[in-house]
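Here the structure is laid out as structure tokens; the discussion comes afterwards.
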Amino acid sequence: MNSRAATGRWGEDLAVAVMHVRGWSILHRNWRPKTAAHGLRGELDIIARENNSYVACEVKTRSTVDFGHPLEAIDENKARRLCLLANAWAVEEGIPPSTMRIDAIAVIGEPNTFSFEHRIGVL
Numbered sequence: 009m010n011s012r013a014a015t016g017r018w019g020e021d022l023a024v025a026v027m028h029v030r031g032w033s034i035l036h037r038n039w040r041p042k043t044a045a046h047g048l049r050g051e052l053d054i055i056a057r058e059n060n061s062y063v064a065c066e067v068k069t070r071s072t073v074d075f076g077h078p079l080e081a082i083d084e085n086k087a088r089r090l091c092l093l094a095n096a097w098a099v100e101e102g103i104p105p106s107t108m109r110i111d112a113i114a115v116i117g118e119p120n121t122f123s124f125e126h127r128i129g130v131l
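Basically our numbering = 1-based index in the sequence shown + 8.
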């Protein structure tokens, strides 16, 4: 695993740990749709359940903000794809899409010193 992938994996692991502490259930990590069924590409980093809501969560991790805040990487195309992927997951699971929301998490730093920002219902 390269350094960039390791940083991303660490951010996702941290997000999952925070969700567990908050009492959320993690349903999937790095979920991808069945290509033939939806024709979509991409993945949802984390799909979780918080009370009666299903949450598709995009996690963006950076070691520094030298190249901008991590959530700046969620542009219009990425946002559209996240919505389509969340809808595809809901359809595959037989869950009403109206019970879903999309959150974004930004992690900046390294394991010893980091900031963690969770934005709820960004899309």
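Backbone N, C-alpha and C fix where the C-beta goes; we use that ideal spot for every residue, glycine too.
With distances taken between CA atoms, glycine 50 lies nearest to Leu92 out of Arg57, Ile128, Pro104, Leu92. For alanine 64, the enclosing beta strand (DSSP E) starts and ends at 61-70.
Sequence-distant Cβ neighbours of phenylalanine 122 in its own chain, meaning closer than 8 angstroms and more than five residues away, are Leu22, Val115, Ile116. Taking C-beta atoms as the reference points, isoleucine 113 and histidine 126 count as a pair closer than 7 angstroms. Note on the region 86-111: there is no whole beta strand (DSSP E) run with a minimum of 3 residues. As computed with DSSP, glycine 117 is found in a beta bridge with Phe122. Between the beta-carbon of isoleucine 82 and that of glutamate 66 there is about 6 angstroms, and that keeps the pair under the 8 angstroms contact cut.
Here histidine 28 carries a helix assignment [DSSP, helix/strand/coil]. The C-beta separation of leucine 52 from tryptophan 97 comes to about 6 angstroms, placing the pair in contact by the 8 angstroms criterion. Taking all protein chains in view, the Cβ of lysine 68 is crowded by 16 or more other Cβ atoms within 10 Å, so the residue is classified as buried. According to the DSSP assignment, arginine 57 belongs to the beta strand (DSSP E) that extends over 52-58.
Look at arginine 37 here: in three-state DSSP terms it is strand.
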